[in-house]
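Take any residue in the sequence shown, count from 1 to its spot, add 86: that is its number in this note's numbering. Cβ coordinates follow ideal geometry from the N, Cα and C atoms, glycine included. None of the values given here were measured: they were computed from a predicted structure. See structure below.
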Amino acid sequence: MFRWGLNGSSGRALRAEAHHVMASVRELSWEGYSSLIADIFRRRGHAVFAGEGPDSDVIDMELSRDGAGRLLVNCQLRGMRQISTAPLEEMVMVAERNGADAVLLITDGDFSPEAHSFAAGHPLILVDGDALLELVLELTLGNESERRVGTRIARLFNRGAFN
């Protein structure tokens with residue numbers, strides 16, 4: 087089992103490895119990146135569908151699992167250092183237009199404090215670079231134990247809005 091900070095690795099070595107992993111993720115083509123994101127959720131038992139309809143330019147994929155509702159995914163925020171509220175506001179409207187239960191926004195950067203505050207009052211799940219790194223490591227290293235971000239996503243699916 088892989089754990090950050092174990093196996094005698096120093097904090098500096100772990101940060102360097104994390105930087106290397108994220109650099110590799112950032113170098114993926116769009117097709118490779120979106121396939122990676124889809125594989126992360128397939129492994130978690132979600133059915134993954136291509137985004138369709140009039141908002142398909144901002145809906146990269148749609149997830150569902152065990153009849154738990156519709157979750158739209160936008161992973162176009164990669165390469166941006168800090169995400170403001172603007173894309174979150176847009177995706178709330180997209181979710182409403184498409185009858186989705188929630189939206190998952192994925193970035194390899196960070197969300198601003200204002201974005202986190204905005205998301206708290208809306209059906210938004212924010213996955214920042216640190217959370218994305220955890221998901222990529224879980225997928226690529228085959229870690230079967232519950233990871234922190236995986237547990238957060240599972241809790242969101244278990245809320246009444248997703249059942």
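Nearest-angstrom Cα distance between Gly155 and Thr193?
For this step, residue 155 is matched to residue 69 along the sequence shown. For this step, residue 193 is matched to residue 107 along the sequence shown. Each residue's Cα considered, the two are about 23 Å apart.
Pairs of beta-carbons, one from the stretch 136-148 and one from the stretch 165-172, closer than 8 Å: are there three or more?
no
Taking Glu117 as the reference, which of Ala186, Leu158, His202, Arg164 has the closest Cα?
Against the sequence shown, residue 117 aligns to sequence position 31. Of the candidates Ala186, Leu158, His202, Arg164, the one whose C-alpha sits nearest the C-alpha of Glu117 is Arg164.
Applying the criterion that 16 or more other CB atoms from any shown protein chain within 10 Å of the CB defines a buried residue, is His132 buried or exposed?
Start at 1 with the first residue of the sequence shown, and residue 132 comes out as number 46. Looking at its Cβ environment, which holds 16 or more other Cβ atoms inside 10 Å, His132 is buried.
Do you know offhand how far Leu191's Cα is from Glu224's?
One-based indexing of the sequence shown puts residue 191 at position 105. One-based indexing of the sequence shown puts residue 224 at position 138. Each residue's alpha carbon lies about 19 Å from the other.
Among the residues of its own chain, which have a CB less than 6 Å from the CB of Met126, if the five just before and after it don't count?
To locate residue 126, count along the sequence shown from 1; it is residue 40. Per the sequence presented here, residue 126 reads as Ile, with Met not at that position. Counting only Cβ-Cβ distances below 6 Å, and skipping sequence neighbours, we find Leu221, Leu225.
For Leu219 and Leu210, the rounded distance between their alpha carbons
Here residue 210 corresponds to residue number 124 of the sequence shown, with the count starting at 1. Here residue 219 corresponds to residue number 133 of the sequence shown, with the count starting at 1. Approximately 19 Å, taken between the alpha carbons.
Secondary structure, beta strand (DSSP E): runs of 3+ residues fully inside the stretch 109-156:
133-136, 147-150
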